[in-house]
Structure formats: structure tokens, C-alpha cells
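Student: First residue of the sequence shown: 2, per our numbering; consecutive thereafter.
To start, I am sharing the structure in question, which I have written as C-alpha cells.
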Amino acid sequence: MGTILLVDDDLFLLEGLMITLRNQPHRVLTAASVAEGLECLSQENVDVVVADEVMPGMCGSEFLAIVARRYPNTVRITLTGQATVAAAARAINAGRIFRLLQKPCNPKDFIEVVTDAFDNQTPLTVKSDPFGQGLSTDEVAAFSSREQGVLKLLLDGHRVSGIATRLHISPHTVRNHLKALFHKLNVHSQSQLIGKCRPQKK
């Protein structure tokens, strides 16, 4: 089960997309503006985000460009009623999107694209050694993209406040992610967590 965030200022469209996804094994979050979307991303572990291209204040491609910088492991999809070459170029170049869908979108096609988005996530792995040699591939795969980001910064020597600043989230949210990591790795403190990831050589 993953989490998908739908961002669109059209409340009727949001409701329609939620109905389309109601039988899918995903947790669905919604935001009626870019500001709400960014706030949601700062508080939740989001795997896939779908954003309308035309919204007040900031277009979807600009919003997804921010998402790409802050949450690179979150798969990004653009939904637009203006499927012009210019709109497609903005979405691809700025937001580095996974797919561009034209409104109105066939429900079956929407579900297929969302399913593909979840299947095409590229979580960090131990192969590039971001977490040391203490964790198995399966253990890392159980982390959300945000938990991976928090853990990497912790291992790089950052404190909770520094992690919060770098990830644009609150210290409280960082602590919640750390608690989740503690639970998944059966440890009870930051020092134990670091030791689990980077055990001392005997």
C-alpha cells in the first residue's frame, strides 16, 4: 500500500479522482492548492503526486519542480486540460514528470498510470552505500522515501533541527520519522539506529 497525493483547485475533479481510486490499495490524500500540497508533502510520506497544470498562483509544472527537488523519490504526474506542446515541455523539463495525462482522463487509463507510477518508484538501496553496511536490502526497501532521507541526513551527522531545515519539514515531523525507523529496525535511540546502520568492525 502506498500514498498518492492529488493536487487540483477543482474540487469536483478531486472528488472524481478519489472515486476512481476508491477500490485501489492506496491511501489517497488531496490538496486544493499548491500551498496545501506542499504542506501535505511536509507532513506525509507521499509516493506519487498528481498535479493539475493550471492552478492559481503557480502552475503544476512549477509545483512539481519543487517536489522533484525536495522529494526526488516521489513519482510525479501532470494532469492537464491544455495538452499543448508548450505545456508538455514545461512539465517534462521543469517537473521531470513520469506521465502527462489529458483531462478528461479515462478512469481505467488513470488507474493504469497510477499503478505504473507505484511500480516505477526507485527507492534508495544499500548498493550505493547511503546507509552503511549494517542494513539489508529488504530493510531499506521497507523505508518510505522520506524515512530514507531522514536517515541519510542523520548518518551524515545532522541533528534533528538540521534535518528539518534541509527537508523543509518541522522537527516534530523528523522525530516522527525517526520513531518509525526505530520501530522498523527494533532500536530505541538515535545512537542505536546509527550503530545498526554502521556496526563497528571487530
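We put the CB at the ideal spot given by N, CA and C, even for glycine.
1) Thinking just about the alpha-carbon of each residue, which of R97, P105, K185 and I67 is nearest to the one in H169?
2) Would T21 pass as a contact of P108 if the rule is Cβ separation under 8 Å?
3) Please name the residue, chosen from M56, V51 and C60, that lies closest to T75 on a Cα-to-Cα basis.
4) Can you give the Cα-Cα distance for I49 and L136, rounded to whole angstroms?
5) Judging by CA-CA distance, which residue of H178, P172 and S171 is the nearest neighbour of L152?
6) Measure the alpha-carbon distance for L186 versus R71 and round it to whole angstroms.
7) Is the segment 26-33 touching the segment 4-16 in the sense that three or more CB pairs, one from each, lie closer than 8 Å?
8) Alpha carbon to alpha carbon, what distance is there between D120 and L101?
9) Give the single residue among T79, G58 and I112 whose Cα lies nearest to the Cα of A103.
10) Can you name the start and end residues of the alpha helix (DSSP H) that R167 belongs to?
11) How far does the alpha helix (DSSP H) with R71 in it reach, from first residue to last?
12) How many angstroms separate the CA atom of F215 from the CA atom of G82?
13) If you draw a straight line from the C-alpha of L156 to the C-alpha of V175, how long is it?
14) Can you tell me the Cβ-Cβ gap for V188 and K180, rounded? I've got them flagged as a contact below 8 Å.
Tutor: Straight from the coordinates:
1) As a working note, residue 169 is residue 168 in the sequence shown. Among R97, P105, K185 and I67, the Cα nearest to that of H169 belongs to I67.
2) As a working note, residue 21 is residue 20 in the sequence shown. As a working note, residue 108 is residue 107 in the sequence shown. Yes. Within cutoff.
3) In the sequence shown, counting from the first residue as 1, residue 75 sits at position 74. When each option's Cα is compared against that of T75, the closest is V51.
4) Position 48 of the sequence shown, counting from 1, holds the residue named residue 49. Position 135 of the sequence shown, counting from 1, holds the residue named residue 136. Sequence inspection shows Val at residue 49; the Ile mentioned does not correspond to that position. Approximately 25 Å between the Cα atoms of the pair.
5) Start at 1 with the first residue of the sequence shown, and residue 152 comes out as number 151. Cα-wise, what sits closest to L152 is H178.
6) As a position in the sequence shown, residue 186 is number 185, starting the count at 1. As a position in the sequence shown, residue 71 is number 70, starting the count at 1. Cα-Cα distance, rounded: 25 Å.
7) yes
8) Residue numbering aside, residue 101 sits at position 100 when the sequence shown is read from its first letter. Residue numbering aside, residue 120 sits at position 119 when the sequence shown is read from its first letter. Those two C-alpha atoms are separated by around 17 Å.
9) Sequence index remark: in the sequence shown, residue 103 carries index 102 (1-based). Just to set this straight, residue 103 is Gln in the shown sequence, not Ala. Answer by Cα proximity: T79.
10) The sequence position of residue 167 within the sequence shown is 166, counting from 1. From DSSP, the alpha helix (DSSP H) with R167 extends over V161 to L168.
11) Position 70 of the sequence shown holds residue 71. Segment G61 to R71, the alpha helix (DSSP H) holding R71.
12) The question about residue 215 has no answer, for the chain in this structure spans 2 to 203.
13) Along the sequence shown, read from residue 1 onward, the residue named residue 156 stands at position 155. Along the sequence shown, read from residue 1 onward, the residue named residue 175 stands at position 174. In a straight line, the C-alpha of L156 is about 14 Å away from that of V175.
14) Here residue 188 is taken as the residue at index 187 of the sequence shown, counted from 1. Here residue 180 is taken as the residue at index 179 of the sequence shown, counted from 1. That pair is no contact at about 11 Å.
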